[in-house]
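First the structure, in the form of structure tokens, and then the observations on it.
Residue numbers (UniProt numbering): 1 to 93.
In structure tokens form, the structure reads like this:
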């Protein structure tokens with residue numbers, strides 16, 4: 001989850017920097033809004049989930065085990081969303 005979130009965050013920040021906007025946040029929703037990238041409802045929902053799970057996977061959470069607490073389908077969906085956003089951003093750079 002950490003790497004999925006980071007791929008989205010860093011690609012969005014690269015786009016914003018290319019536009020002269022230097023942002024100090026990890027919040028994907030804010031970055032997408034500033035970048036003005038059109039996203040589907042599914043992508044918006046997935047971004048909120050990715051942001052929530054990023055925090056849980058990055059910082060110690062008692063009782064949390066990423067190897068058993070994530071469903072494969074969810075992680076694959078989040079990964080696909082990250083790839084789509086990365087591709088959209090790449091086309092704008």
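A virtual CB, placed ideally from N, CA and C, is assigned to each residue, including glycine. Since the structure is predicted, the reported quantities are computational estimates derived from the model, not experimental observations.
Which of helix, strand or coil DSSP assigns to residue i
i	result
residue 62	coil
residue 29	helix
residue 71	coil
residue 89	helix
residue 40	coil
residue 81	helix
residue 50	helix
residue 24	coil
Residue i classed as buried or exposed, judged by whether at least 16 other C-beta atoms fall within 10 angstroms
i	result
residue 33	exposed
residue 40	exposed
residue 54	buried
residue 92	exposed
residue 46	buried
Boundaries of the alpha helix (DSSP H) in which residue i is found, first to last residue
i	result
residue 8	2-18
ask   = Is there contact here, the segment 43-63 with the segment 4-15, by at least three beta-carbon pairs under 8 Å?
value = yes
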